[in-house]
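For the sequence shown, the working numbering assigns the number 1 to the initial residue and increments by one for each residue that follows.
Virtual Cβ for every residue (Gly too), placed ideally from N, Cα, C.
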Amino acid sequence: MAGQQQLLTHALQTLKDHHVRVTPQRQTILTYLVTHHNHPSVDTIFNALAVEAPNLSMATIYNTLNLFVDLGIVIELPNDNGGIRYDFYGRPHYHVICENCGKITDVFTPEFSKIENELNEQASAQTGYLVTSNHVEVYGLCPECQQKLHIDPDRQKWAQEANDRL
């Protein structure tokens, strides 16, 4: 909980540093994103906050999320059906995505910041791009889908077996 409060405080300071007014609506949306790791869509945020903030409109949520993305506080995660999900990016991390159900799980490792910087440097060196960000995704099958598909994760050929069943 103390870690979440620290992340929220830092994100609110980012808004202030960019001369963005911290409105109650922005704070409510930001608090939701910091405290939930469900990679929500706009609809999910709207429904989750309906009781707490009944006057919060879909337009306000869209506009707030776009602002947070522009400031680098939140990242967009496009999904297969053309929608977008959002992720608070207060601590560098990468995602594991289930190829069967689409579930997204955050992976936090101490080494990731170093790896992320190396990826950016290599990409820049090889292409001449001015690299401003990256997004790392790893794909596989979540434990629930492995169970539904009757896949033993300890078997060497599980990935091929899973692809054959999908």
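Does the Cβ of residue i have 16 or more other Cβ atoms within 10 Å, making it buried, or fewer, making it exposed?
| i | result |
| --- | --- |
| A50 | exposed |
| F68 | buried |
| H39 | buried |
| F108 | exposed |
| Y129 | exposed |
| H18 | exposed |
| A123 | exposed |
| L119 | exposed |
| Q156 | Residue placement at Q156 is flagged as unreliable, the pLDDT there being 45, under the threshold of 50; the coordinate-derived value follows with that caveat. Per the 10 Å Cβ criterion, exposed. |
Locate the alpha helix (DSSP H) running through residue i, then write down its first and last residues.
| i | result |
| --- | --- |
| I115 | 112 to 127 |
| C145 | 143 to 148 |
| L65 | 58 to 70 |
| L30 | 24 to 35 |
| V42 | 42 to 48 |
Can you name the residues that DSSP bridges to residue i?
| i | result |
| --- | --- |
| Y139 | I97 |
| I105 | One detail in the question is off: residue 105 reads as Thr in this sequence, not Ile. Bridge partners of T105: V96. |
Beta carbon of residue i, beta carbon of residue j: below 9 angstroms?
| i | j | result |
| --- | --- | --- |
| V42 | I73 | no |
| E137 | Y94 | yes |
| I104 | L77 | yes |
| T35 | L56 | no |
Would you give the residue range spanned by the beta strand (DSSP E) that residue i belongs to?
| i | result |
| --- | --- |
| F88 | 84 to 88 |
| P78 | 74 to 78 |
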